[in-house]
Amino acid sequence: MPPEIQERYRELAKARGLWIGGSSAATQDLSDLFVVRAVEQYLQPEGRFSFVMPFSVLSRKQFKGFRTGDWTSKGTGLFSVTFGEPHDYSRVKPPLFPVPSVVISGTPTAGISGAMPTDSVRWTGRLGNHNVPWEDAEPSLRQAAAATVLATDAPGSPYRARFLQGATIVPRVLMTVNEVEAGPLGVPHGRRSVRSERSPLEKAPWKNLPSLEAVVEEQFLFPLHLGATIVAYRERAPKLCVIPWLEGRLVDGQSDELDQYPGLAAWWRQAEQLWNLNSAGRMSLLQRIDFQRLLFKQFPLAEHRVAYSASGQHLAAARISDPSALIEHKLYWARCSSLEEARYLAGVLNSTALADAVRPLQSQGQHNPRDFDLNVFAWPFPAYDAASDLHARIVELSTQAEDVATSLELDPARSFQVARRVTREALVETGIGGEIDALVPDLVGGG
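Here this note's numbering is used: the first residue of the sequence shown is 41, the next is one more, and so on.
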């Protein structure tokens with residue numbers, strides 16, 4: 041929403057008990073207010089409403105006030121509704137709507153609200169296409185009762201406060217590079233000849249720009265881990281990126297200090313110029329890559345870290361073995377106090393016990409659960425304790441899992457999804473994955 045709509049939404053939502061704020065503020069959207077205002081203005085006292093809503097209305101915190109049915113409106117008196125049982129269509133294929141959806145319904149009540157039930161009717165099945173009459177669709181669809189797991193503000197795991205999202209190192213044409221062969225005279229000591237890394241996935245306007253090329257000082261070239269470079273218990277080859285990190289801070293092209301490093305200066309000033317000509321102009325390039333200080337907070341780079349995938353059908357976590365590597369926004373990461381703690385975390389994060397606990401809290405893509413984000417820490421597993429025999433055994437098994445994962449020949453030309461599947465299958469075949477899965481639930485059960 042543009043700022044003026046955000047302000048108006050906040051005003052109307054607060055008056056009706058819809059505004060949650062805090063960490064949920066950025067995820068609140070107009071759908072709940074649209075329903076409430078439509079019901080306020082158009083529903084007859086004996087009427088009934090039904091709306092298609094995002095799947096997230098069933099469980100996400102931003103809809104907590106909406107689900108109460110108590111929509112007290114200042115200036116219009118008490119207003120409330122009683123919800124009926126929602127119908128969940130998120131598992132019907134092909135997807136019925138652009139986002140996974142549910143249908144909610146209800147009736148107006150005189151001052152006594154009826155909260156949205158936590159049980160829903162879940163529809164499943166596959167149709168030939170979207171445009172079939174009900175008599176043809178009905179035989180292909182099934183319905184069953186399903187319970188909803190509500191997202192809460194419960195403390196969860198203490199690791200929630202320690203994990204951060206990686207930095208937004210984009211657009212890639214200005215940031216990530218490939219090393220190229222130097223000319224016949226070579227390059228000065230301590231520098232490397234690099235050119236923009238290109239990808240068929242680039243979007244306009246960046247895909248239409250020429251590649252940058254420069255001989256950059258090595259101290260400004262950092263390995264970069266993306267979501268695609270992490271599989272269970274293992275890193276794949278990182279990318280390489282140019283970052284103007286100088287003496288404890290990020291430096292932009294206007295700084296005189298940049299002139300001490302002609303290679304970096306040539307690259308970064310070209311990159312800033314292209315950014316200024318082709319971006320919306322609300323942020324500088326430096327502000328973009330350090331959005332919310334998520335790049336700055338990675339420094340000083342720690343010896344022991346763990347990173348896990350921000351989204352996907354299967355969570356993948358690995359220990360970051362290179363202390364010089366940076367981490368991009370498709371990953372979440374945390375510093376660890378020891379190698380053992382890093383391996384403990386990798387074991388827990390890769391386990392099916394954690395995946396099963398988190399799955400109901402994930403937002404839904406059109407085909408599968410999508411975002412993990414910090415929902416993984418809603419499951420209250422404890423911090424690593426070196427004195428715990430259970431924790432020590434998980435560390436031991438996680439070490440073995442690393443050995444299995446790193447021994448696999450993963451074709452760099454194949455997709456990261458294939459690499460993750462091959463790794464999961466190997467861990468199952470060796471039995472190590474199953475042993476970890478059997479132990480991890482005891483962490484929450486008091487083991």
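Here a beta-carbon is modelled for each residue, glycine too, at the ideal position from N, C-alpha and C.
Measure the beta-carbon distance from residue i to residue j and round it to whole angstroms, keeping in mind my assumption that it falls under 8 Å.
i           : j           : result
residue 367 : residue 347 : 6 Å
residue 57  : residue 112 : 6 Å
residue 215 : residue 329 : 7 Å
residue 441 : residue 467 : 6 Å
residue 109 : residue 155 : 5 Å
residue 85  : residue 139 : Going by Cβ atoms, the distance from residue 85 to residue 139 rounds to 32 Å, so no, they are not a contact pair.
residue 334 : residue 416 : Not really, about 18 Å apart at Cβ, beyond 8 Å.
residue 45  : residue 105 : Actually they do not touch by this definition, with Cβ atoms about 19 Å apart.
Which of the three DSSP states, helix, strand or coil, is assigned to residue i?
i           : result
residue 291 : coil
residue 225 : coil
residue 412 : coil
residue 340 : coil
residue 468 : helix
residue 434 : helix
residue 315 : helix
residue 348 : strand
residue 205 : strand
residue 487 : With a pLDDT of 44 at residue 487, under the threshold of 50, the predicted position of this residue should be treated as unreliable, though the coordinate-derived value follows. Looking at residue 487 - three-state DSSP - the assignment turns out to be coil, as it is neither helix nor strand.
residue 119 : coil
residue 421 : coil
residue 236 : strand
residue 219 : strand
residue 90  : strand
residue 454 : coil
residue 231 : strand
residue 477 : helix
residue 110 : strand
Here's the rule I'm using: 16 or more other beta-carbon atoms within 10 Å means buried, otherwise exposed. How should residue i be labelled?
i           : result
residue 228 : exposed
residue 87  : exposed
residue 152 : exposed
residue 130 : buried
residue 262 : buried
residue 133 : exposed
residue 398 : buried
residue 265 : buried
residue 48  : exposed
residue 344 : buried
residue 454 : exposed
residue 339 : exposed
residue 317 : exposed
Determine contact between the region 443 to 451 and the region 267 to 274, defined as no fewer than three beta-carbon pairs at a distance below 8 Å. The region 443 to 451 makes contact with the region 267 to 274, as at least three CB pairs between them are under 8 Å.
Using 8 Å as the cut-off, can you tell me whether the region 240 to 252 makes contact with the region 291 to 299, which would need three or more C-beta pairs spanning the two stretches below that distance? With the cut-off at 8 Å, the region 240 to 252 and the region 291 to 299 do not touch.
Could I get the ranges of all uninterrupted alpha helix (DSSP H) runs contained in the region 245 to 287, with 4 residues as the minimum, in chain order? Listed in chain order, there is nothing to give.
4-residue-minimum alpha helix (DSSP H) runs that sit fully inside the region 356 to 402, ordered along the chain: Secondary structure within the region 356 to 402: the alpha helix (DSSP H) runs of 4 or more consecutive residues, fully enclosed, are 379 to 389, 392 to 398 (chain order).
Is the number of C-beta pairs between the region 420 to 432 and the region 377 to 391 that are closer than 8 Å three or more? Result yes; three or more Cβ-Cβ pairs closer than 8 Å.
Would you call the region 277 to 294 and the region 318 to 334 in contact, with 3 or more CB pairs under 8 Å? A contact is defined here as three or more CB-CB pairs under 8 Å, and the region 277 to 294 meets this definition with respect to the region 318 to 334.
Whether or not the region 158 to 167 and the region 125 to 139 are in contact is what I'm after, with contact meaning three or more pairs of Cβ atoms, one per stretch, closer than 8 Å; do they touch? Short answer: they touch.
As an exercise, report each continuous alpha helix (DSSP H) stretch of at least 4 residues that is fully enclosed by the region 129 to 188, in chain order. Runs found: 174 to 177.
Is the region 235 to 248 touching the region 194 to 214, taking contact as three or more C-beta pairs under 8 Å? Using a C-beta cut-off of 8 Å, the region 235 to 248 makes contact with the region 194 to 214, since at least three inter-stretch Cβ pairs fall below that distance.
Does the region 163 to 177 come into contact with the region 303 to 311, if we say contact requires no fewer than three beta-carbon pairs (one atom in each stretch) closer than 8 Å? Taking 8 Å as the limit for Cβ pairs, the verdict is that the region 303 to 311 does not touch the region 163 to 177.
Is it true that the region 194 to 204 meets the region 413 to 430, where meeting means three or more beta-carbon pairs spaced less than 8 Å apart? Yes: at least three Cβ pairs fall under 8 Å.
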